Amino acid sequence: MTNNIDTRCGFVALVGAPNAGKSTLLNALVGTKVSIVTHKAQTTRTQVRGVVTLEKSQMVFVDTPGIFKPKRRLDRAMVHSAWSGAADADVLALIIDCKKGLTGQIEELIDGLSDYKQPKALILNKVDQVERSNLLALAQEINEKLNFDQTFMISALKGDGVKDFVDYCAEAMPIEPWHFPEDHLTDLTLALTAAEVTREKLFLRIHEEIPYAATVETEQFKTQKDGSYRIQQVIYVSRDGHKKIVLGKNGQTIKKIGEESRKELTEIFETKVHLFLFVKVREKWADDPSRYREMGLEFPQ
Numbered sequence: 155m156t157n158n159i160d161t162r163c164g165f166v167a168l169v170g171a172p173n174a175g176k177s178t179l180l181n182a183l184v185g186t187k188v189s190i191v192t193h194k195a196q197t198t199r200t201q202v203r204g205v206v207t208l209e210k211s212q213m214v215f216v217d218t219p220g221i222f223k224p225k226r227r228l229d230r231a232m233v234h235s236a237w238s239g240a241a242d243a244d245v246l247a248l249i250i251d252c253k254k255g256l257t258g259q260i261e262e263l264i265d266g267l268s269d270y271k272q273p274k275a276l277i278l279n280k281v282d283q284v285e286r287s288n289l290l291a292l293a294q295e296i297n298e299k300l301n302f303d304q305t306f307m308i309s310a311l312k313g314d315g316v317k318d319f320v321d322y323c324a325e326a327m328p329i330e331p332w333h334f335p336e337d338h339l340t341d342l343t344l345a346l347t348a349a350e351v352t353r354e355k356l357f358l359r360i361h362e363e364i365p366y367a368a369t370v371e372t373e374q375f376k377t378q379k380d381g382s383y384r385i386q387q388v389i390y391v392s393r394d395g396h397k398k399i400v401l402g403k404n405g406q407t408i409k410k411i412g413e414e415s416r417k418e419l420t421e422i423f424e425t426k427v428h429l430f431l432f433v434k435v436r437e438k439w440a441d442d443p444s445r446y447r448e449m450g451l452e453f454p455q
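Printed below as a string of structure tokens:
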């Protein structure tokens, strides 16, 4: 690990409304998948960190949960996690889905960000889907409400404009020793990464029937003698009816979820993965403090 005094290191918080593309951007920044991506809003539940080391600068990008009006205890914990991630960062980046433009939700976010003194970057995402003249007008309108240090127009999905944002962040980092080895990409443990990948596959397959009443925990993660991984996971749902949906007719749904998760985990870990999934009912898991600790969230009273 490098810790010369001429190195730079710091944190960049990616904040925005749900489905602005924060997780897609984090994966594009890091160059590999570290955060789950679904078309379902609010799938990022805790702060996921991706590490990018560029020459002498190391940036720790924090994908925070989307900020929205919380209704349930889990929602409140996610929003608290997002704002605390912003408070701890050296640079704040507001990601906006430029197709949606300046919504009331974004105006509230801008008001919240105005209290922070850190350098701020505005990222207009999904620019490949909007006319350039509209983009320039939107950038001007937002900057009139809060003067951002830099505005970036990117397509996180295609990777366009991402390098310019990384270069800006590299210059903005404080002079500090690096926090991670040069080849480090995320602070997620392998077990948590595996749980997040399975949760993504679960959401993609049954998002209409069980939007948020499910979570995935890795109960066992073992390295076998041949170097392969044996992973045992439990999908927790809050009702018997939800368990039946996750299992599917003759166990077909959970089999598909397992196949898709195993395939992706094999690619991420670059070794054979033996994945075993179980479904259990835990009626009030969303009110259990230990579940929040498992997800890296504070339990709101």
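The opening residue of the sequence shown carries number 155 in our numbering; numbering runs sequentially from there.
Ideal Cβ positions, reconstructed from N, Cα and C, are used throughout, including at glycine.
Being a predicted model, the structure only gives us computed values, none of them experimental.
From which residue to which residue does the alpha helix (DSSP H) around F423 run?
Mapped onto the sequence shown, residue 423 falls at position 269. Its alpha helix (DSSP H) spans residues Q406 to F423.
Beta-carbon gap between G164 and L183 smaller than 9 angstroms
Residue 164 sits at position 10 when you count from the first residue of the sequence shown. Residue 183 sits at position 29 when you count from the first residue of the sequence shown. No, Cβ-Cβ distance for G164 and L183 is not below 9 angstroms.
Stretch pair the stretch 371-385 + the stretch 415-429: three plus CB contacts closer than 8 angstroms:
yes
Could you name the residues that DSSP lists as bridge partners for E298?
Taking the sequence shown and counting its residues from 1, the one referred to as residue 298 is at position 144. None, per the DSSP bridge assignment.
Check whether the Cβ atoms of Q259 and H333 lie closer than 9 angstroms to each other.
Here residue 259 refers to the residue found at position 105 when the sequence shown is read from its first residue. Here residue 333 refers to the residue found at position 179 when the sequence shown is read from its first residue. For Q259 and H333, no; Cβs fall outside 9 angstroms.
With a threshold of 8 angstroms, are at least 3 pairs of Cβ atoms found where one atom belongs to the stretch 382-398 and the other to the stretch 342-359?
yes
DSSP three-state assignment for Q116, whether helix, strand or coil:
Given that the chain is displayed from residue 155 to residue 455, the structure contains no residue 116 and the question cannot be resolved.
Looking only at DSSP bridge pairs, what is M213 linked to?
Here residue 213 is taken as the residue at index 59 of the sequence shown, counted from 1. The partner list for M213 (beta bridge, DSSP) reads G164 and V206.
Shortest alpha-carbon distance to T178 belongs to which of D269, D217, L292 and V391?
What you label residue 178 is simply residue 24 of the sequence shown in a count that begins at 1. Closest option to T178, Cα to Cα, is D217.
The stretch 311-329 touching the stretch 248-263, judged by at least three CB pairs closer than 8 angstroms
no
Could you check where the alpha helix (DSSP H) with A182 kicks off and where it finishes?
For the purposes of this step, residue 182 is taken as residue 28 along the sequence shown, with counting starting at 1. Here the alpha helix (DSSP H) through A182 covers K176 to V184.
For the beta strand (DSSP E) containing K434, list its first residue and its last residue.
Taking the first residue of the sequence shown as 1, we reach residue 434 at position 280. Segment V427 to V435, the beta strand (DSSP E) holding K434.
Round the Cβ separation of R393 and V433 to the nearest angstrom and send it over; I've been treating them as touching at under 8 angstroms.
Mapped onto the sequence shown, residue 393 falls at position 239. Mapped onto the sequence shown, residue 433 falls at position 279. With a Cβ gap of about 11 angstroms, R393 and V433 do not count as contacting.
If you measure between the beta carbons of K176 and V169, is that distance less than 9 angstroms?
Here the question's residue 176 lines up with position 22 in the sequence shown. Here the question's residue 169 lines up with position 15 in the sequence shown. Cβ atoms of K176 and V169: closer than 9 angstroms.
Within the same chain, show all residues whose beta-carbon is closer than 7 angstroms to that of D303, passing over the 5 residues directly before and after it, in chain order.
The sequence position of residue 303 within the sequence shown is 149, counting from 1. Correct list, in chain order: P273, K274 and A275.
Judging by CA-CA distance, which residue of V206, A174 and D314 is the nearest neighbour of H338?
Numbered from its first residue, the sequence shown carries residue 338 at position 184. Nearest of V206, A174 and D314 to H338, Cα basis: V206.
When you compare the CB positions of L358 and A368, do they come within less than 9 angstroms of one another, or not?
The residue given as residue 358 occupies position 204 in the sequence shown. The residue given as residue 368 occupies position 214 in the sequence shown. No, the Cβ-Cβ distance between L358 and A368 is not below 9 angstroms.
Status (buried if at least 16 other CB within 10 Å, exposed otherwise) for A174
Your numbering for residue 174 matches position 20 in the sequence shown. It counts as buried.
Tell me which residues share the same chain as F430 and place their Cβ nearer than 6 angstroms to its Cβ, disregarding the 5 neighbours each side in the sequence.
Counting from 1 along the sequence shown, the entry for residue 430 is found at position 276. Here the set comprises Q386.
Can you find a heavy atom of the ligand ATP that lies under 8 angstroms from the Cβ of F432?
The ligand ATP is not part of the structure shown, which contains no ligands of any sort.
Report the three-state DSSP secondary structure of A171 (helix, strand or coil).
As a working mapping, residue 171 is identified with position 17 in the sequence shown. Correct three-state label for A171: coil.
Residue nearest to T372 in terms of C-alpha spacing, selected from L344, K397 and N288:
Walking along the sequence shown from the start, residue 372 turns up at place 218. For T372, the nearest C-alpha among the options comes from L344.
How long is the line joining the alpha carbons of R227 and D242, rounded to whole angstroms?
The count along the sequence shown starts at 1 and reaches residue 227 at position 73. The count along the sequence shown starts at 1 and reaches residue 242 at position 88. In this prediction, R227 has a pLDDT of 49, which is less than 50 and means its spatial position is unreliable; nothing more can be read from the coordinates.
Going by the DSSP bridge assignment, what does L276 pair with across the sheet?
Here residue 276 refers to the residue found at position 122 when the sequence shown is read from its first residue. L276 is bridged to L248 and T305.
Would you report the Cα separation of L401 and E421, rounded to the nearest angstrom?
Taking the first residue of the sequence shown as 1, we reach residue 401 at position 247. Taking the first residue of the sequence shown as 1, we reach residue 421 at position 267. If you take the alpha carbons of L401 and E421, they lie about 25 angstroms apart.
Cβ neighbour criterion (16 or more within 10 Å) applied to S287:
Residue 287 sits at position 133 when you count from the first residue of the sequence shown. It counts as exposed.
Just to confirm before moving on: does the CB-CB distance between F306 and I277 stay below 9 angstroms?
Numbered from 1 along the sequence shown, position 152 holds the residue referred to as residue 306. Numbered from 1 along the sequence shown, position 123 holds the residue referred to as residue 277. Yes, they are a contact pair.
For I296 and L256, which I take to be in contact (beta-carbon distance under 8 angstroms), what is that distance rounded to the nearest angstrom?
Position 142 of the sequence shown, counted from the start, is the residue given in the question as residue 296. Position 102 of the sequence shown, counted from the start, is the residue given in the question as residue 256. The Cβ separation is near 6 angstroms, so the contact holds.
Alpha carbon to alpha carbon, how far is H361 from A195? Give it in angstroms, no decimals.
Numbered from 1 along the sequence shown, position 41 holds the residue referred to as residue 195. Numbered from 1 along the sequence shown, position 207 holds the residue referred to as residue 361. At A195, the pLDDT of 39 sits below 50, so the modelled position is not reliable and the matter cannot be decided from this model.
Am I right that I411 and T352 are in contact with their C-beta atoms under 8 angstroms? What's the rounded C-beta distance?
Position 257 of the sequence shown, counting from 1, holds the residue named residue 411. Position 198 of the sequence shown, counting from 1, holds the residue named residue 352. Indeed they touch by this definition, with Cβ atoms about 7 angstroms apart.
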